[in-house]
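Each remark here refers to the structure printed beneath this line.
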Amino acid sequence: MAGATSNSHSIASLAVYLSDTRPSKTRVPIILHKGSFPSVKITARSSRFTACLPAGYINSTQETDLQLPSSSGSNSEFQVFTRFWNWQGYRIRYQYAGSSGPSLVLIHGFGANSDHWRNNLPFLAKSHKVYSIDLVGYGYSDKPNPRDFVPNSFYTFETWSSQLNDFCNDVVKEGAFFICNSIGGVVGLQAAVNEPRISRGLVLLNISLRMLHIKKQPWYARLFVKSFQNLLRTTNLGKLFFKAVATPNSVRSVLCQCYYDKSKVTEELVQKILQPGLEPGASDVFLEFICYSDGPLPEELLPLVKCPVLVGWGDKDPWEPIELGKAYGAFEAVEDFVILPNVGHCPQDEAPDLVNPLVEAFVARHARESANLLSRTT
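Numbered continuously in full-length UniProt numbering, the sequence shown closes out at residue 378.
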C-alpha cells in the first residue's frame, strides 16, 4: 500500500531507538512487514458485511460543569480532568488532558472504562489533545436496562460507534485518531466505517477476535450456546454468576490471567475495574454483552476502512492468541503489525513504555501527511 513502506521505516526506526537507549533486558517492539505474515486464517464463514448506520436516534448534547481532576499518576506533567457529556439523554463520562496537537480518543475494552488509560493519557497529552471515554453501559456512564430494548439491539458495536462519532462531533469538534483495546478496537473500526471523515487513523491493541461469534462456532454448538445465553439473561443464574465475578479476588484473578507481568495488577487497578461494576445496572450490561454473538467481525470491517491502521499485539495474550491475530496484518489498511514481547491482553496499561511511543510515532506521521496534503491543495 502506498505510504506503508515509509511508515514501516519510521516505526522500525523507533524500535531501533528503543533498543539503543534502554537497558538490554527491556522489551523492544518487533515489527512484522507485509511479506512476513504466515498463511493464517481466522475461522469464519465468508460473508459480505454492510455497515449499519444508526437509525431512529435523536442526539441532544450538553456538557456539564468541570468535575474534580482524576488521579493520573504522580509523574504526570498534565492534569487529567473528568467531565460528563449528555448523549441521547444518557450521562457519559470522559476524561481529557492536553490543549494542542492532534486529537486522540482512547477506547477501552469489555468490562473496563476510561481509567484503563491512566498510564497513557497524561503522557500523550504532552503533544496531543487526548480524550478517554466510558462507553455507554461501562465505567461511570449511564447503564440503560437492556430489557427496555429489543434483545441485542442496544449494547452493540453500532450503538457504541454512533456514540464515538457523536463524541467527536460534539466534544472533540474535529477528526481524531482512535486508540483502542480489545472490543474497543471493533468499536473504533465500526465508527471509522460509518463516518470515514472523522477517523484519521486507528491503533488497535489486541483487538478482540470475537471467537464466540456465531460465525466462528461450529454448527453443532450454536444451539447450545444460544440456549445457555438465554439462561443467563432470563434466570437468576446470570445474576449469581455476576455476583461471583464482581469481587476483588475475582477481578484480581481475571487480571492476573490477562496481564503477563503480575506486578502490574495492583490494588489500584483492581478497584478501578471493580468499582464501576458495582454501579446499578452493571450486571445487566455485563450479561447482555456476553450474550451478544452477532454483529461485525474485525475481518469484515478492515477491508472497508479508509484510514491507516496500526495493529499492536501483546504476544502473551491468553485470550486473543497472537498467531490468529497476525492474520489482520495482511489487510491493505494495516501498515504494520507490531509484536509487544512479554505483554498480555491490555498493552496500554501493562506496557505503556512500549505503547505510548508507538502511538506518538504513528500519529505524528499521519498528522504530517494530512498537513502536507492540505498545503498542496490550498
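All C-beta atoms, glycine included, are put in the ideal place defined by N, C-alpha and C. Quick caveat: nothing in here was measured; it's all calculated off a predicted structure.
Query - Contact check, Val309 vs Leu164, beta carbons under 8 Å - result: no
Query raised in the report: Looking at C-alpha atoms only, which residue of Cys168, Ile92, Asp315, Gly111 is the closest neighbour of Lys129?
Result: Cys168
Report task. Kindly indicate which three-state DSSP category Leu135 falls into: helix, strand or coil? Result -> The answer is coil: DSSP assigns Leu135 none of H, G, I, E or B.
**Report entry** Start and end residues, alpha helix (DSSP H) containing Thr82
**Finding:** First-last for Thr82: 81-87, but that is the beta strand (DSSP E), not the alpha helix (DSSP H).
Query raised in the report: With distances taken from CA atoms, which of Asn342, Val343, Lys226 is nearest Pro151?
Result: Lys226
**Report entry** Residue environment, Arg45, which counts as buried when at least 16 other CB atoms sit within 10 Å
**Finding:** The predicted position of Arg45 is uncertain, since its pLDDT is 30 and thus under 50; a value taken from the coordinates is nonetheless stated next. By the 10 Å Cβ count, Arg45 comes out exposed.
Query - Residue interval of the beta strand (DSSP E) (run including Asn181) - result: It spans 176-181 - the beta strand (DSSP E) in which Asn181 sits, taken as one unbroken run.
Requested in this report: Pull up the DSSP beta-bridge partners for Val309, would you.
Outcome: Leu202, Val334
**Report entry** Enclosing alpha helix (DSSP H) for Tyr220 [first to last residue]
**Finding:** 219-234
Report task. Please say whether Asp166 and Arg91 have beta carbons closer to each other than 8 Å? Result -> no
Query - Per DSSP, the bridge partner or partners of Lys129 - result: Ser103
Query raised in the report: Anyone know if the C-beta pair for Asn206 and Val355 falls short of 8 Å?
Result: For Asn206 and Val355, no; Cβs fall outside 8 Å.
Requested in this report: Can you give me the start and stop residues for the beta strand (DSSP E) that Arg91 sits inside?
Outcome: 90-97 is the span of the beta strand (DSSP E), which, as asked, contains Arg91.
Requested in this report: Inspect the CB distances between the stretch 102-116 and the stretch 181-188 and report whether three or more fall short of 8 Å.
Outcome: yes
Query raised in the report: Who are the near neighbours of Ser161 in its chain, counting only those whose CB is closer than 7 Å to its CB and skipping five residues on each side?
Result: Val187, Gln190, Ala191, Asn194
**Report entry** Proximal residues to Asp315 (C-beta, below 8 Å), its chain only, five neighbours per side dropped
**Finding:** Only Ile322, Ile339, Leu340, Pro341, Asn342, Val343 meet the Cβ criterion.
Query - Closest Cα partner of Pro146 within the set Ser114, Lys239, Phe154 - result: Phe154
Query raised in the report: Around the C-beta of Ser70, are 16 or more other C-beta atoms found within 10 angstroms, so that it is buried, or is it exposed?
Result: Any reading at Ser70 is ruled out, since the residue's pLDDT is 42, under 50, leaving its predicted position unreliable.
**Report entry** Alpha-carbon to alpha-carbon, Leu231 and Asp353
**Finding:** 43 Å
Query - Cut-off 6 Å between Cβ atoms - residues of its own chain near Asp317, not counting five sequence neighbours on either side - result: Asn206, Gly344, His345
**Report entry** Cβ neighbours of Phe286 in the same chain (closer than 6 Å, five flanking residues each side left out)
**Finding:** Phe242
Query raised in the report: Cα-Cα, which of Pro276, Tyr328, Glu320 is closest to Leu301?
Result: With distances taken between CA atoms, Leu301 lies nearest to Tyr328 out of Pro276, Tyr328, Glu320.
Requested in this report: Please name the residue or residues paired with Ile290 in a DSSP beta bridge.
Outcome: Answer by DSSP bridge pairing: none, since Ile290 is not bridged.
Query raised in the report: Considering only C-alpha positions, which residue in the set Tyr292, Leu278, Ala364 is nearest to Thr247?
Result: Leu278
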